[in-house]
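**Q**
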Ligand code: G3P
Ligand code: CA
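Numbering (the working numbering), first residue to last: 173 to 447.
Dropping the structure here:
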């Protein structure tokens, strides 16, 4: 005589639950398998990962100011990262936001203020918003790399003019989230090196022919380290930027994965790790 149908159902439910639990117990193994395979196949790691002072290193001085850049130079960082906007009267100035509200004691859009108005503002600790020309004067002879980011349209010609006048084109890599701005720049000056920035959503980096440098956020690299391998195979470099994940453990992990440089607010933390 066969058991009642309800007993049979109970038995099958138990078996299914057991199977599910077995798969769940294996969950911790998946990342191990994923990263383990990557580590086996990742190829050689860069011998000299680059320290990039993001916005000059706001851990020590107000962001994007000469004080920050001077401090970063004293720390012998490899690169200075900075953001560019253009004043109403056409000067390239170093500031992250389109408006001066967050980082100064003033208000208004950079594009609607003259250089004189911009210079009257306090960018923190009595610092002024620097012009890009001042940064170029500061870095003369230092050999430090420059990573200026085009934060607005229409600055390409003026940027190239300043770089050429300062003879700093070869130590500069211009960054942008906009492929079009980088294309314009390279049409004007094919020899200029560019770095394509990507947002958090970009897990698989499109690799534009012209960009020797790619800059994804840390999260994208952590989730898909294979893009490092792909970039290296195509002779490209990966400079990672952070969006709040700047922790020594994450830095160590990114270095182990093989990134070429880290844009960080606290360059000394990375210097310690590399030491
Ligand atoms: O340029 C890399 C990184 O700086 C991009 O983010 O907002 O700090 O300019 P953001
Ligand atoms: Ca930037």
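Where is the CB? At the ideal position from N, CA and C, for every residue including glycine.
Taking 6 Å as the cut-off, is the CB of residue 347 close to at least one heavy atom of ligand 1?
**A** Here the question's residue 347 lines up with position 175 in the chain shown. It does: the Cβ of residue 347 is within 6 Å (strictly closer) of some heavy atom of ligand 1.
**Q** What number of angstroms, rounded off, separates the C-alpha of residue 295 from the C-alpha of residue 422?
**A** The residue given as residue 295 occupies position 123 in the chain shown. The residue given as residue 422 occupies position 250 in the chain shown. Rounded to whole angstroms, residue 295 to residue 422 spans 30 Å at the Cα level.
**Q** From the DSSP output, in three-state form, read off residue 254 for me.
**A** Within the chain shown, residue 254 is the residue found at index 82, counting from 1. Of the three classes helix, strand and coil, the one that applies to residue 254 here is strand, per DSSP.
**Q** With a threshold of 6 Å, establish whether the CB of residue 251 neighbours any heavy atom of ligand 1.
**A** Numbered from 1 along the chain shown, position 79 holds the residue referred to as residue 251. No; taking the cut-off as 6 Å, the Cβ of residue 251 has no heavy atom of ligand 1 nearer than that.
**Q** Report the CB separation of residue 343 from residue 322 in whole angstroms; it is logged as a contact under 8 Å.
**A** Walking along the chain shown from the start, residue 343 turns up at place 171. Walking along the chain shown from the start, residue 322 turns up at place 150. Actually they are not in contact, since the Cβ atoms of residue 343 and residue 322 sit about 17 Å apart, beyond 8 Å.
**Q** Quick one, are the C-beta atoms of residue 397 and residue 429 less than 7 Å apart?
**A** Counting from one through the chain shown, the residue named residue 397 turns up at place 225. Counting from one through the chain shown, the residue named residue 429 turns up at place 257. Against a cut-off of 7 Å, the Cβ pair of residue 429 and residue 397 comes out as a contact.
**Q** Using the beta carbon as the reference atom, which residues fall closer than 5 Å to any heavy atom of ligand 2, ordered along the chain?
**A** Going by the Cβ distance cut-off, the answer is 255 and 321.
**Q** Which of the three DSSP states, helix, strand or coil, is assigned to residue 423?
**A** Residue 423 sits at position 251 when you count from the first residue of the chain shown. DSSP places residue 423 in helix when its eight states are reduced to three.
**Q** Inspect the beta-carbon positions of residue 234 and residue 299 and report whether they are closer than 7 Å.
**A** Position 62 of the chain shown, counting from 1, holds the residue named residue 234. Position 127 of the chain shown, counting from 1, holds the residue named residue 299. Yes, they are a contact pair.
**Q** List the residues that DSSP assigns as beta-bridge partners of residue 317.
**A** As a first step, residue 317 must be located in the chain shown, where it is residue number 145. 251.
**Q** Give the range of the alpha helix (DSSP H) segment to which residue 312 is assigned.
**A** If you number the chain shown from 1, residue 312 lands on position 140. Premise fails: residue 312 is in no alpha helix (DSSP H) and is neither H nor E.
**Q** Quick test of your reading: residue 438 and residue 229, contact by CB under 8 Å. State the CB separation rounded to the nearest angstrom.
**A** As a position in the chain shown, residue 438 is number 266, starting the count at 1. As a position in the chain shown, residue 229 is number 57, starting the count at 1. That belief holds up - the Cβ atoms of residue 438 and residue 229 are roughly 7 Å apart, short of 8 Å.
**Q** Give me the Cα-Cα distance between residue 410 and residue 431, rounded to the nearest whole angstrom.
**A** By 1-based counting over the chain shown, the position of residue 410 is 238. By 1-based counting over the chain shown, the position of residue 431 is 259. The straight-line gap from Cα to Cα measures roughly 6 Å.
**Q** For a quick check, are the C-beta atoms of residue 225 and residue 249 less than 7 Å apart?
**A** Counting from one through the chain shown, the residue named residue 225 turns up at place 53. Counting from one through the chain shown, the residue named residue 249 turns up at place 77. Yes, Cβ-Cβ distance for residue 225 and residue 249 is below 7 Å.
**Q** So what does residue 386 bridge to, in DSSP terms?
**A** Taking the chain shown and counting its residues from 1, the one referred to as residue 386 is at position 214. DSSP lists 368 and 410 as partners of residue 386.
**Q** Which whole-angstrom value describes the C-beta separation of residue 256 and residue 331, a residue pair presumed to lie in contact below a C-beta threshold of 8 Å?
**A** Locating residue 256 in the chain shown gives position 84, where the first residue counts as 1. Locating residue 331 in the chain shown gives position 159, where the first residue counts as 1. Contact flag correct, Cβ pair sits at about 7 Å.
**Q** Express the C-alpha separation of residue 274 and residue 333 in angstroms, rounding to a whole number.
**A** Residue numbering aside, residue 333 sits at position 161 when the chain shown is read from its first letter. Residue numbering aside, residue 274 sits at position 102 when the chain shown is read from its first letter. Straight-line Cα distance between these residues: approximately 29 Å.
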